[in-house]
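Counting with our numbering, you get residues -3 to 304 for the letters of the sequence shown.
All residues carry an ideal CB built from backbone N, CA and C; glycine is no exception.
Values in this document were obtained by computation on a predicted structure and should not be read as measured data.
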Amino acid sequence: MLPAAGALHASEPATVDLRLQQLTGRVWWVEGQQGVISHENQGFNSNAGFVVTDDGVVVFDALGTPALGAALLERIRSVTDEPVRRVIVSHYHSDHFYGVQALKAAGAEVWAHARVRDYLATDAPLERLAERRQSLAPWVTDEARIVAPDVYLDGDTRFRLGGVGFRIHAAGPAHTPEDLMMLVEGEGVLFAGDLIFAGRVPYVGDADSRAWLAALEALAGSRPRFVVTGHGPASRDATADIALTRDYLLYLREQMGAAVDDFVPFDEAYAATDWSRFEQLPAFDEANRRNAYNTYLLMENESLAGRR
């Protein structure tokens, strides 16, 4: 059983700069620093945003530590006195949901995809939390908890709050099995979560890149005014935002798939691959080899299953 959300008094306040940016009259966001999570950036490497309605605030993602979640709540309070009603979590990677603890303590209801149950039933969440208590102390401490959703979504969902329409799209399995995106109707803002990485190498991990590419294909047909990605800057051009993530995934599959077809061992295949297009991007050194290895294993499994 997961511990309940606890108090935050033992955490040091986040001192990293969460610069609040306004996209539309109702929509605000903060942009995480480029690169991977580190002690230097205090875990602030992902994006989050919120929508101010006439009857409360809807938040999308909550950042990577309880301290950052508390700082995000302070930024919300600088804009409105409306209560935080809901937090929509794009997926349960630690850089996106550890801040939920602060928002939950302020009365917010947490929404996520039902597939999160599978992840929470494993040892992985508590193992990751133990690691973060070491690497991100004093912003992740013994008071930090894994906060389970209050509402589990089985698929696409629409709701209205305070005169604003929201459309939640279940995009997984893609980056994770439980990926969610949120379109703010009338404002034309799409919160895409980690379906899109802007300006840095994506974190692929154990993702199903075939399904991820299919989700990107569907996303390319949308026409939002603004796209807020999971990492990197927001922009008005969904096509450009999608291109880097799509091209990187395609290249991984092409190169690792060819190696699998030719029975080339991974280490040899990785060394022989030309990574020059991506090696100058933030997070390349930390993420690329693991991304390639996991894709190599995926391509082996696809071959064995006759999916290629």
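Task: Residue ranges of each beta strand (DSSP E) within the stretch 121 to 184, 3 or longer - done: 147 to 149, 153 to 157, 160 to 166, 176 to 181
TODO: Rounded to whole angstroms, what's the CA-CA distance from residue 155 to residue 235? Just pull it up for me.
DONE: 27 Å
- [ ] Might you give, ordered along the chain, the residues of its own chain that have their beta carbon closer than 6 Å to the beta carbon of residue 186, omitting 5 neighbours on each side?
- [x] 179, 220, 223
TODO: Would you mind listing the alpha helix (DSSP H) stretches within the stretch 0 to 85 that are 4+ residues and don't spill past its ends, in chain order?
DONE: 62 to 75
Open item on the list: Quick check: what's the CA-CA separation for residue 1 versus residue 210?
Closed with: The predicted model places residue 1 with a pLDDT of 44, which falls under 50 and marks its position as unreliable; any figure quoted below should be read in that light. Approximately 36 Å between the Cα atoms of the pair.
TODO: Provide the residue(s) that pair with residue 105 in DSSP beta bridges, ordered along the chain.
DONE: 82
Task: Cβ neighbours of residue 358 in the same chain (closer than 6 Å, five flanking residues each side left out) - done: One cannot answer for residue 358 here, as it falls past the ends of the chain, which runs -3 to 304.
Task: Option in 262, 128, 183 with minimal Cα separation from residue 46 - done: 183
TODO: Helix, strand or coil for residue 119, going by three-state DSSP, please let me know.
DONE: coil
Open item on the list: Tell me the residue span of the beta strand (DSSP E) that contains residue 89.
Closed with: From DSSP, residue 89 is part of no beta strand (DSSP E); its letter is neither H nor E.
Open item on the list: Counting beta carbon pairs with one atom in the stretch 97 to 108 and one in the stretch 34 to 48, are three or more of them shorter than 8 Å?
Closed with: no
TODO: May I have the straight-line CA-CA distance separating residue 196 from residue 279, to the nearest angstrom?
DONE: 6 Å
TODO: Work out the CA separation of residue 25 and residue 49 for me, nearest whole Å.
DONE: 15 Å
Open item on the list: If you follow the beta strand (DSSP E) that residue 256 is in, where does it begin and where does it stop?
Closed with: Looking at the DSSP string, residue 256 is not in any beta strand (DSSP E); the run it does join, the alpha helix (DSSP H), is 234 to 257.
Open item on the list: Considering only their Cβ atoms, is the gap separating residue 63 from residue 10 smaller than 9 Å?
Closed with: yes
Task: Residue environment, residue 162, which counts as buried when at least 16 other CB atoms sit within 10 Å - done: buried
Open item on the list: Which same chain residues end up closer than 8 Å to residue 175 when comparing Cβ atoms and leaving out the 5 residues on each side of it in sequence?
Closed with: 86, 87, 109, 166, 167, 168, 169, 189, 190, 191, 211
Open item on the list: Tell me the DSSP secondary structure of residue 291 in three-state form.
Closed with: helix
Task: Check whether residue 246 and residue 287 have beta carbons under 9 Å apart - done: no
Open item on the list: Using only the alpha-carbon positions, how far apart do residue 259 and residue 299 sit?
Closed with: 12 Å
Task: Which residues DSSP lists as bridging residue 231, in chain order - done: 223
Task: Among 52, 145, 33, 232, the one whose alpha carbon lies nearest that of residue 133 - done: 33
- [ ] Pull up the DSSP beta-bridge partners for residue 186, would you.
- [x] 179, 223
Task: Where residue 191 falls: helix, strand or coil (DSSP) - done: strand
TODO: Decide if residue 267 is buried, meaning its Cβ has at least 16 other Cβ atoms within 10 Å, or exposed.
DONE: exposed
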